[in-house]
Amino acid sequence: MPAFAPLRVRGGAQRLRRALWRQRRTMAAGLAVTAAALAASTARGADVAGGPGQETRGGPGAGVPAAASPAPEPRPATELVSAPVRIADAATVRLLRPGDRVDVIAAADPPTAGSEGTVAAKVVASGVRVTEVPPGEDSAEGGALVVLAVPRATAAELAGAGATSRLVVTVC
Numbered sequence: 000m001p002a003f004a005p006l007r008v009r010g011g012a013q014r015l016r017r018a019l020w021r022q023r024r025t026m027a028a029g030l031a032v033t034a035a036a037l038a039a040s041t042a043r044g045a046d047v048a049g050g051p052g053q054e055t056r057g058g059p060g061a062g063v064p065a066a067a068s069p070a071p072e073p074r075p076a077t078e079l080v081s082a083p084v085r086i087a088d089a090a091t092v093r094l095l096r097p098g099d100r101v102d103v104i105a106a107a108d109p110p111t112a113g114s115e116g117t118v119a120a121k122v123v124a125s126g127v128r129v130t131e132v133p134p135g136e137d138s139a140e141g142g143a144l145v146v147l148a149v150p151r152a153t154a155a156e157l158a159g160a161g162a163t164s165r166l167v168v169t170v171c
C-alpha cells in the first residue's frame, strides 16, 4: 500500500469559514468602501434641509439646496411648433419626406390676362423641417397639406400668408 495522507471528503464548509476568518480585514475594508459609495450616491438624491438664507430648488418645502440639485435643461432659444400648411402644388408635396428642409414662399395670385406685371413673391420661412406629409386627397386646385416644424412667430406668418396668397415650397 502506498504511503500518502488519507483523503478527506468532509470539511468544505469548515475550510471556507477558516479562509473567511483569515481574510476578515480585507472583507471589512471592502464592505466599508461599498457602504461609503452607497451612502454618497443616495445623498445626492436625498432631501437636505437648507440652512437659513440658503436658496432651495423644487418649490416650497423641498429643502434641496440650489447648488446640490441639478440645473434644469435649458430651453431652446426658439421653441418649435408644428404648423400644418397647404401647399398650392400637390405634386411638389408628394416629393417631400419627413426630415426634408424646405423654404416656404408666398406668391401672390398670378396676374390675369389683361393686366401686366410680375408676380410678387416673399420667402415666409427658410430652412424649416418637414415633420409629416399626411396622406390625403390632393386636388389640382386645393393643393396638399404638409406639417412643418417652425418657430411660433413663423407659424403665425405662415397662417397669414396661407390665407392671402398661394404657398409654394423649394427643397433646400
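Take the sequence shown: its position 83, counting from 1, is numbered 82 in numbering that gives the first Met the number 0, and each next residue is one higher.
For glycine and all other residues, C-beta sits at the position ideal for the given N, C-alpha and C.
Nearest neighbour of Leu157 by Cα position, chosen from Leu37, Pro1, Asp88 and Ser81, turns out to be Ser81. Counting only the Cα atoms, Ala4 lies some 41 Å from Ala31.
Looking at the DSSP output, Arg128 bridges to Arg100 and Ala148. The beta carbon of Arg100 sits closer than 8 Å to the beta carbons of Gly126, Val127, Arg128, Val129, Val170 and Cys171 from its chain, once the five residues preceding and following it are set aside; these are given in chain order. For Leu95 against Val132, the beta-carbon gap comes to about 5 Å, under 8 Å, which counts as contact. Looking at the DSSP output, Ala105 shares a beta bridge with Lys121 and Leu166. Between the C-alpha atoms of Gly135 and Val84 there is a straight-line separation of about 13 Å. In this structure, DSSP gives Ala4 a state outside helix and strand, which the three-state scheme calls coil. For the set Glu78, Asp88 and Gly142, the Cα lying nearest the Cα of Ala154 is the one of Glu78.
The shortest C-alpha to C-alpha distance from Val167 to any of Pro97, Arg151, Ala36 and Ala119 is the one to Ala119. In this structure, Ile86 and Ala143 form a Cβ contact; the two beta carbons are roughly 6 Å apart against a cut-off of 8 Å.
When the five nearest sequence neighbours on each side are left out, the beta carbons in the same chain lying within less than 7 Å of the beta carbon of Gly98 are those of Arg128 and Val129, in order along the chain. Per DSSP, the continuous beta strand (DSSP E) segment holding Leu79 begins and ends at Leu79 to Ile86. Counting only the Cα atoms, Ala152 lies some 25 Å from Ala89. Closest by C-alpha distance to Ala160, out of Thr117, Ala27 and Ala107, is Ala107. In the DSSP assignment, Leu95 falls outside any alpha helix (DSSP H) and carries neither an H nor an E.
The alpha carbon of Val146 has as its nearest neighbour, out of Thr117, Val92, Lys121 and Ala162, the alpha carbon of Val92.
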